[in-house]
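Engineer: My structure is below; once you've seen it, I'll send some questions.
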Amino acid sequence: MASDSELTDFLKSVEKRAFKRSLYHVRDEDAALDIVQDSMMKLAEHYSDKPANELPMLFQRILSNTTLDWFRRQKTKNALFTNFSQFEADDSTEDFNLLDAHRISEGNEQVESAQRTVERHQSIQEIETEIQKLPARQREAFLLRYWEELDVAETAAVMGCSEGSVKTHCSRAVQALDKALKAKGLTS
Amino acid sequence: MNTNDYLSDAQADLLARQVAAQLDQSLRDLPHDISERLRAARTRAVAARRQQVPVLATGLRLQKGTLVLEGGPDKMRFWGWMGSVIPLIALVLGLFVIHSLQNDWRADELASVDTALLTDELPPTAYTDPGFLRFIRAGSTEAAPTSATAD
């Protein structure tokens, strides 16, 4: 059974990545934070008796399922109400990213030049935008496989699909990213 | 699509790793309030886990001259299970014993009545005869004044 400190260390190591992963899917910071918090609570409440080495896979699965639940709830909500809030959420996310890029660049002036900082932020932002543009399953497969560094079998287990599907999704995602990033001059 | 645009497996893997590295960089730039909210969420989750899994000691052990509490959730789960099953078994056994004892007492009672009837000089069929019953009643009313005068 994972101890409190092991659980804390594990959550600390995955929380930022989990937040970003959720954000790429839902494109709403508050929703992404809620999803990560719900996932952490579920892991702590229902799987606290599991050994520490099982936590990464369990957490990835919980995070995927919680994200899916969020989309299901949104679908029901949107069926009942107009989706103005969705547009607002998208706008605020984009504004927020730009503001953050400026705010953080101020702090990093001593380390790297302002121009370089802006370029780096722009490049990251372009990549994030392209990742958000990917179809949901391709994005999920890509992030799990290459960012979370799960192997094909683990990714398939988290996504609840075959290993062949994971390979196909990943391949298509990489080809799409390559094409998009080349078009923006970010890769040669 | 031009076939030259299609990446080989190695190239695709390299690009994917480069993109992942860029995404890692984006983590460094997370705003402070987001980091704080994530930290709060983590703390809340660990606290919820602590409330749910109370670490209870099931025994004492002497270690380097110090008494140490030992045992924990696994042992507690077993003893908790035993603690609920043992009273249940005791209850079922008790009910079974009470039932069989009551059966024995009832059988003894019936047997003693049967024995009294069968060993009496008077045959049991006599109690079904209306004339005999009238004789007994008349006898008891006559016997009462006699006993009164005897006193």
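Residue numbers (the numbering used here), protein chains in the order written: chain A, 5 to 192; chain B, 1130 to 1280.
Ideal placement from N, C-alpha and C gives every residue a C-beta, glycine not left out.
Note that the structure is a prediction, hence the values are computed from the model and not measured.
Can you find at least 3 beta carbon pairs, one from the segment 1212-1232 of chain B and one from the segment 42-50 of chain A, that sit closer than 8 Å?
Structural biologist: Taking 8 Å as the limit for Cβ pairs, the verdict is that the segment 42-50 of chain A does not touch the segment 1212-1232 of chain B.
Engineer: Any idea if A/Lys81 is buried or exposed, counting beta-carbon neighbours within 10 angstroms, 16 or more meaning buried?
Structural biologist: Classification of A/Lys81: exposed, given that the 10 Å Cβ count is below 16.
Engineer: Grouping DSSP H, G and I as helix and E and B as strand, with all else coil, what is A/Ala6?
Structural biologist: A/Ala6 falls in the coil class under three-state DSSP.
Engineer: Compare the C-alpha of B/Ala1150 against each of A/Cys165, A/Glu152, A/Ala161, A/Thr159 and name the closest.
Structural biologist: With distances taken between Cα atoms, B/Ala1150 lies closest to A/Glu152.
Engineer: If we cut at 8 Å on Cβ distances, does A/Ile39 have a partner in chain B?
Structural biologist: Not closer than 8 Å to any Cβ of chain B, the Cβ of A/Ile39 fails to qualify, so no.
Engineer: Pull up the distance between the alpha-carbon of B/Gln1154 and that of A/Arg76, whole angstroms please.
Structural biologist: If you take the alpha carbons of B/Gln1154 and A/Arg76, they lie about 31 Å apart.
Engineer: Answer with yes or no whether the minimum CB distance from A/Val178 to chain B is below 8 Å.
Structural biologist: Yes, because at least one Cβ of chain B sits closer than 8 Å to the Cβ of A/Val178.
Engineer: How many Å lie between B/Val1242 and B/Arg1235 at the Cα?
Structural biologist: Taking the straight line joining both Cα atoms gives about 11 Å.
Engineer: So which residues of chain A does B/Ile1218 contact, with C-beta pairs closer than 9 Å?
Structural biologist: Within chain A, no residue comes near B/Ile1218; the closest Cβ sits about 27 Å away, beyond 9 Å.
Engineer: Flag this pair as touching only if the segment 1153-1169 of chain B and the segment 153-165 of chain A have three or more C-beta atom pairs under 8 Å; answer yes or no.
Structural biologist: No: fewer than three Cβ pairs fall under 8 Å.
Engineer: So, for A/Arg176: in the same chain, excluding its five sequence neighbours on each side, which residues have a beta-carbon less than 7 Å away from its beta-carbon?
Structural biologist: So the qualifying residues of the chain are Gln142.
Engineer: Assuming A/Arg25 and A/Leu72 are in contact, meaning their beta carbons sit under 8 Å apart, how far apart are those beta carbons, in whole angstroms?
Structural biologist: Contact flag wrong, Cβ pair sits at about 13 Å.
Engineer: Under 7 Å between beta-carbons, which chain A residues line up against B/Thr1177? List them in chain order, please.
Structural biologist: According to the sequence as given, residue 1177 of chain B is Ala; it is not Thr. Neighbours of B/Ala1177 on chain A, chain order: Met45, Ala48, Glu49.
Engineer: Please classify B/Ile1218: is it buried, with 16 or more other beta-carbons within 10 angstroms of its beta-carbon, or exposed?
Structural biologist: Flag for B/Ile1218 reads exposed.
Engineer: Using C-beta distances below 7 Å, list every residue in its chain close to A/Leu62, excluding the 5 sequence neighbours before and after it, in chain order.
Structural biologist: Once the five neighbours on either side are set aside, the close Cβ partners of A/Leu62 are Leu47, Tyr51, Lys54.
Engineer: Could you give the first and the last residue of the continuous alpha helix (DSSP H) run that contains A/Leu185?
Structural biologist: Counting along the chain, the alpha helix (DSSP H) containing A/Leu185 begins and ends at 167-187.
Engineer: At a Cβ threshold of 8 Å, is B/Gln1154 touching chain A?
Structural biologist: Yes, its Cβ sits closer than 8 Å to a Cβ of chain A.
Engineer: In its own chain, which residues sit with a C-beta less than 7 Å from the C-beta of A/Lys188, not counting the 5 before and 5 after it?
Structural biologist: Result list for A/Lys188: Glu130, in chain order.
Engineer: Roughly how many angstroms separate the alpha carbons of A/Lys16 and A/Ala22, rounded to a whole number?
Structural biologist: Their Cα atoms are separated by approximately 10 Å.
Engineer: Taking all protein chains shown into account, do 16 or more other C-beta atoms lie within 10 angstroms of the C-beta of A/Glu123, making it buried, or fewer, making it exposed?
Structural biologist: That one is exposed.
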